[in-house]
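Q: Have a look at this one before I ask anything.
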Amino acid sequence: MTLIKTEELTPTTPLSAIDTLQTYCCLDSLVMLEVFEEISSLFNQPPQIYSFERALQAPYLEMMQRGFLVDELARRQAVDSLRARELRLQATLNEMAQAACGHSLNPRSPAQLKDFFYSSLKLPEVWLSQKGERKLSTNREALEKLDSYLYARPFVSAVLGLRDLAKQREVLETEIDRDGRIRTSYNIAGTETGRPSSSSNAFGTGGNLQNVALGLRYVFVADPGWKLVVIDLEQVEARDVGWFCGVLFNDWSYLDACESGDLHTSVCKLVWPRELKWTGVPDRDKWLADSSIFYRDFSYRFMSKRGAHLSNYMGTAWTAARVMKMPIATLEEFQARYILGRAQFTDKKGTFHPAIVPAFPCIPRWWQWIAQQIQTPPHSLTTPFGRTRHFFGRPGDDTTLREAIAYMPQSTTADRMNLGLWRIWKHMPQVQLLGQGYDSVTFQVQDDSRFDEVVAEALELIKVPLEHQGRRYICPGEAKVGWNWGSMHDASKPLGQGNKFNPDGLVKWQPGQDRRQRQVGIKRIMA
DNA sequence: GACCCCCGCCAC
DNA sequence: AAACGTGGCGGGGGTC
906 MTLIKTEELT PTTPLSAIDT LQTYCCLDSL VMLEVFEEIS SLFNQPPQIY SFERALQAPY
966 LEMMQRGFLV DELARRQAVD SLRARELRLQ ATLNEMAQAA CGHSLNPRSP AQLKDFFYSS
1026 LKLPEVWLSQ KGERKLSTNR EALEKLDSYL YARPFVSAVL GLRDLAKQRE VLETEIDRDG
1086 RIRTSYNIAG TETGRPSSSS NAFGTGGNLQ NVALGLRYVF VADPGWKLVV IDLEQVEARD
1146 VGWFCGVLFN DWSYLDACES GDLHTSVCKL VWPRELKWTG VPDRDKWLAD SSIFYRDFSY
1206 RFMSKRGAHL SNYMGTAWTA ARVMKMPIAT LEEFQARYIL GRAQFTDKKG TFHPAIVPAF
1266 PCIPRWWQWI AQQIQTPPHS LTTPFGRTRH FFGRPGDDTT LREAIAYMPQ STTADRMNLG
1326 LWRIWKHMPQ VQLLGQGYDS VTFQVQDDSR FDEVVAEALE LIKVPLEHQG RRYICPGEAK
1386 VGWNWGSMHD ASKPLGQGNK FNPDGLVKWQ PGQDRRQRQV GIKRIMA
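906 is the number of the first residue of the first sequence in this note's numbering; add one for each residue after it.
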């Protein structure tokens, strides 16, 4: 963002490369200084949120410098296995494609795929609307539609499989530094909401550590003598929505539901008070919600979990139905019971449908409040942490409203987690921070007799109490511990054989309960 | 060959 | 009519 071009300043002799870079650096810095001084003059002191972001530079720089140790052998084995599977599957696909259209097929080229499926195989085109535009697509959703044509099925399955394998391999092939550590670059002030973002670093190594697939995380490990801790905030965005409804309308029903044991079971009870035989025994009711079928093989609890999240953010029944692969009518029924309600009516067949009273009408009411905020000056929202965002989109547009609705809980979560992260950095020098995952933080602690004590202290530090008219709200954290970053039990997509169980992986922390020893020798990791 | 956009896909 | 938000990355395929 230089206002003056270097050429204009160039003296009679041209600048050397390094001088050019330094000149650019100076100019850019000075422009920023000018902007800073201008903005500073508007305030007596900088907004608190600005000072907070500056304070975050220390812990984030520390994480960026430290890096996260990678189990090089595990990584290479996974890459080799993936590559071998890719080669075999690609050979099969090529053979089939040769027979069908006379040439091989690149599963990562949408152009080739369109030509293949819609011209060579002459299948009906699948148009999907994405971001307001209808597009001829070859993404997973489109290919799954083509899967109903028998002769397309082997191609669909090979293409999806190859894309999946390639994606996993790419992540594992991300360049790490010579000391065997991956260093991501965090951008503290890079997003609209206050979330940090992560990307490859200034030296071109590392990558986004915040979107590593769960099944690949086991390659990231604790240093020798250390053990990993991941603390995440339990259902934080749902709780925040409940908090907003309480503060704005004195309606605490949703926060109460979040705080009364298992959120999704509580929601089930309120949405279907009579349909299931509730016992009042928490474990029994959770089991009931989980094992009773609402639609096909989807339980009532699953509906509460997936459907509720989408619905909270003003997702339509249409979208929820598409994502969850269910009929629209099923989601309409859910949303009516959950938040929207419905007047009585008689359908075409003459069947009478009684009125539905929604369980949480405060949520659409909260949307209304948001709409009003962004439609009237100053067209902004401010979170409980004092982060203000102006909405420059057309105030009446649904997209603007949806951004605004998502902003409140997302931003609140970001600041809550960052405050916890900062406190851990400030007050616990015995902790080494390794990563931030929006609603979670990962760090390592010496693997000795004081381990549990340290975890307990960190769990306390991430608690940020909010208060309103006598109501106190804290989002609790949950800790998982282990020596590698994968999950111990659910390694989900196992990479070939031998990875179905991950003994060094993360398990729920219970003080004094984890009697495991580290299985993978650290010599192997460092080799 | 550098650059850019599109596409598909991973996370929360 | 359009249809939940916030991000980053790599490959394909085009342009300059």
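Glycine included, C-beta positions come from ideal geometry on N, C-alpha and C.
Keep in mind that this is a model prediction, so the values were computed, not measured.
His1258: buried (16+ other C-beta within 10 angstroms of its C-beta) or exposed?
A: To locate residue 1258, count along the first sequence from 1; it is residue 353. With fewer than 16 other Cβ atoms within 10 Å, it is exposed.
Q: Starting from Ile1379, follow its DSSP beta bridges and name the residues at the other end.
A: By 1-based counting over the first sequence, the position of residue 1379 is 474. Beta-bridge pairing links Ile1379 to no other residue.
Q: Hey, would you say Ala1143 sits closer than 7 Å to Cys1163, going by beta carbons?
A: Position 238 of the first sequence, counted from the start, is the residue given in the question as residue 1143. Position 258 of the first sequence, counted from the start, is the residue given in the question as residue 1163. Against a cut-off of 7 Å, the Cβ pair of Cys1163 and Ala1143 comes out as a contact.
Q: In the DSSP assignment, find the alpha helix (DSSP H) that holds Glu1389 and state where it starts and stops.
A: Along the first sequence, one-based indexing puts residue 1389 at 484. Before going on, a small fix: residue 1389 reads as Asn here, not Glu. That residue, Asn1389, is in no alpha helix (DSSP H); it is neither H nor E in DSSP.
Q: Which whole-angstrom value describes the C-beta separation of Val975 and Ile1093, a residue pair presumed to lie in contact below a C-beta threshold of 8 Å?
A: For this step, residue 975 is matched to residue 70 along the first sequence. For this step, residue 1093 is matched to residue 188 along the first sequence. The Cβ separation is near 24 Å, so there is no contact.
Q: Can you check which of these residues, Trp1032, Thr997, Val1425, Trp1390, is closest to Gly1120 by C-alpha distance?
A: The sequence position of residue 1120 within the first sequence is 215, counting from 1. The shortest C-alpha separation from Gly1120 is found at Trp1390.
Q: Would you say the stretch 1314-1328 touches the stretch 1138-1154, given that touching needs at least three Cβ pairs under 8 Å?
A: Yes: at least three Cβ pairs fall under 8 Å.
Q: State yes or no: is the C-beta of Arg1386 within less than 7 Å of the C-beta of Trp1414?
A: As a position in the first sequence, residue 1386 is number 481, starting the count at 1. As a position in the first sequence, residue 1414 is number 509, starting the count at 1. The sequence shown places Val at residue 1386, rather than the Arg named in the question. Yes, Cβ-Cβ distance for Val1386 and Trp1414 is below 7 Å.
Q: What would DSSP say about Ser1014, mapped onto helix, strand or coil?
A: One-based indexing of the first sequence puts residue 1014 at position 109. The answer is coil: DSSP assigns Ser1014 none of H, G, I, E or B.
Q: So, with DSSP's three-state summary, where would you put Asp1202?
A: The residue given as residue 1202 occupies position 297 in the first sequence. Coil at Asp1202, not helix or strand.
Q: Residue range of the beta strand (DSSP E) that Gln1035 falls in?
A: Counted from its first residue, the first sequence places residue 1035 at position 130. Element bounds for Gln1035: 1032-1035.
Q: Quick one: what's got a C-beta closer than 6 Å to Gln1392's C-beta in the same chain, skipping five residues either side?
A: As a working mapping, residue 1392 is identified with position 487 in the first sequence. Note on identity: in this sequence residue 1392 is Ser, with Gln being the wrong assignment. Once the five neighbours on either side are set aside, the close Cβ partners of Ser1392 are Gly1410, Leu1411.
Q: Using the Cβ count rule (16 or more neighbours within 10 Å means buried), how would you classify Ala1309?
A: Taking the first residue of the first sequence as position 1, residue 1309 is located at position 404. Buried, since its Cβ has 16 or more Cβ neighbours within 10 Å.
Q: Pull the bridge partners of Gly1340 from the DSSP assignment, please.
A: One-based indexing of the first sequence puts residue 1340 at position 435. Gly1340 is bridged to Thr1347.
Q: So Gln1341 and Leu1324 are supposed to be a Cβ contact under 8 Å. How far apart are they, rounded?
A: On the first sequence, residue 1341 is found 436 positions in, with the first residue counted as 1. On the first sequence, residue 1324 is found 419 positions in, with the first residue counted as 1. So it is not a contact: roughly 12 Å between Cβ atoms.
Q: Would DSSP call Asn1116 helix, strand or coil?
A: Counting from 1 along the first sequence, the entry for residue 1116 is found at position 211. In this structure, Asn1116 counts as coil in the three-state DSSP scheme.
Q: Counting only runs of 4+ residues fully inside the stretch 1210-1240, write out the alpha helix (DSSP H) ranges in chain order.
A: With a minimum length of 4 residues, the continuous alpha helix (DSSP H) runs that stay inside the stretch 1210-1240 are 1213-1217, 1222-1229, 1233-1240.
Q: Tell me whether the beta-carbon of Ala1057 lies closer than 7 Å to the beta-carbon of Leu1028.
A: By 1-based counting over the first sequence, the position of residue 1057 is 152. By 1-based counting over the first sequence, the position of residue 1028 is 123. Yes.
Q: Could you tell me which residues DSSP puts in a beta bridge with Phe1125?
A: Here residue 1125 refers to the residue found at position 220 when the first sequence is read from its first residue. In DSSP, Phe1125 forms a bridge with Val975.
Q: Counting beta carbon pairs with one atom in the stretch 1265-1273 and one in the stretch 1237-1249, are three or more of them shorter than 8 Å?
A: Yes: the two stretches touch, three or more of their Cβ pairs being nearer than 8 Å.
Q: Since Tyr1091 is in the beta strand (DSSP E), which residue starts that stretch and which ends it?
A: Working through the first sequence from its first residue, we reach residue 1091 at position 186. Element bounds for Tyr1091: 1090-1092.
Q: Run through the stretch 1168-1197 for me and flag every whole alpha helix (DSSP H) of 4 or more residues, listed as ranges in chain order.
A: Complete alpha helix (DSSP H) runs here, min 4: 1168-1176, 1187-1196.
Q: Rounded to whole angstroms, what is the Cα-Cα separation between Gln1374 and Leu966?
A: Taking the first sequence and counting its residues from 1, one reaches residue 1374 at position 469. Taking the first sequence and counting its residues from 1, one reaches residue 966 at position 61. Taking the straight line from one Cα to the other gives about 39 Å.
Q: Taking the straight line between their C-alpha atoms, what separation do you get for Tyr1123 and Phe1239?
A: Residue numbering aside, residue 1123 sits at position 218 when the first sequence is read from its first letter. Residue numbering aside, residue 1239 sits at position 334 when the first sequence is read from its first letter. Cα-Cα distance, rounded: 37 Å.
Q: Using 10 angstroms around the beta-carbon of Cys1173, count the other beta-carbons present and answer buried if the total reaches 16, otherwise exposed.
A: Mapped onto the first sequence, residue 1173 falls at position 268. Cys1173 comes out buried.
Q: Use the C-beta contact count for Ala1260: other C-beta atoms within 10 angstroms, 16 or more gives buried, fewer gives exposed.
A: Position 355 of the first sequence holds residue 1260. When all chains shown are included, Ala1260 counts as exposed.
Q: Is Ile1310 helix, strand or coil by DSSP?
A: In the first sequence, the residue the question calls residue 1310 occupies position 405. Looking at Ile1310 - three-state DSSP - the assignment turns out to be helix.
Q: How should Gly1112 be labelled, buried or exposed, when 16 other C-beta atoms within 10 angstroms of its C-beta is the threshold for buried?
A: On the first sequence, position 207 is the one that residue 1112 refers to. Gly1112 is buried by the Cβ-count criterion.
Q: By how many angstroms is the C-alpha of Ala1226 removed from the C-alpha of Ile1275?
A: For the purposes of this step, residue 1275 is identified with residue 370 of the first sequence, where counting begins at 1. For the purposes of this step, residue 1226 is identified with residue 321 of the first sequence, where counting begins at 1. Rounded to the nearest angstrom, the two C-alpha atoms are 25 Å apart.
Q: I'd like to confirm the pairing. Which residues does DSSP put opposite Trp1131 in its beta bridges?
A: Looking up residue 1131 in the first sequence gives position 226. DSSP output for Trp1131 lists Gln1351 as bridge partner(s).
Q: For the putative contact between Ala1384 and Val1134, defined by C-beta atoms under 8 Å, what is the C-beta separation to the nearest angstrom?
A: For the purposes of this step, residue 1384 is taken as the residue at position 479 of the first sequence. For the purposes of this step, residue 1134 is taken as the residue at position 229 of the first sequence. Rounded, the Cβ-Cβ distance is 6 Å, consistent with contact.
Q: Output needed for Arg1307: all residues of its chain with C-beta closer than 8 Å, excluding positions within five of it in sequence on either side, in chain order.
A: Along the first sequence, read from residue 1 onward, the residue named residue 1307 stands at position 402. Cβ neighbours of Arg1307 beyond the five flanking positions: Tyr1218, Met1219.
Q: Thinking C-alpha only, which one of Gly1151, Asn1155, Asn1407 is nearest Gln1424?
A: Working through the first sequence from its first residue, we reach residue 1424 at position 519. Measuring from the Cα of Gln1424, the nearest candidate turns out to be Asn1407.
Q: Can you tell me where the alpha helix (DSSP H) with Glu1046 in it begins and where it stops?
A: Residue mapping note: residue 1046 aligns to position 141 of the first sequence, counting from 1. Residues 1045-1051.
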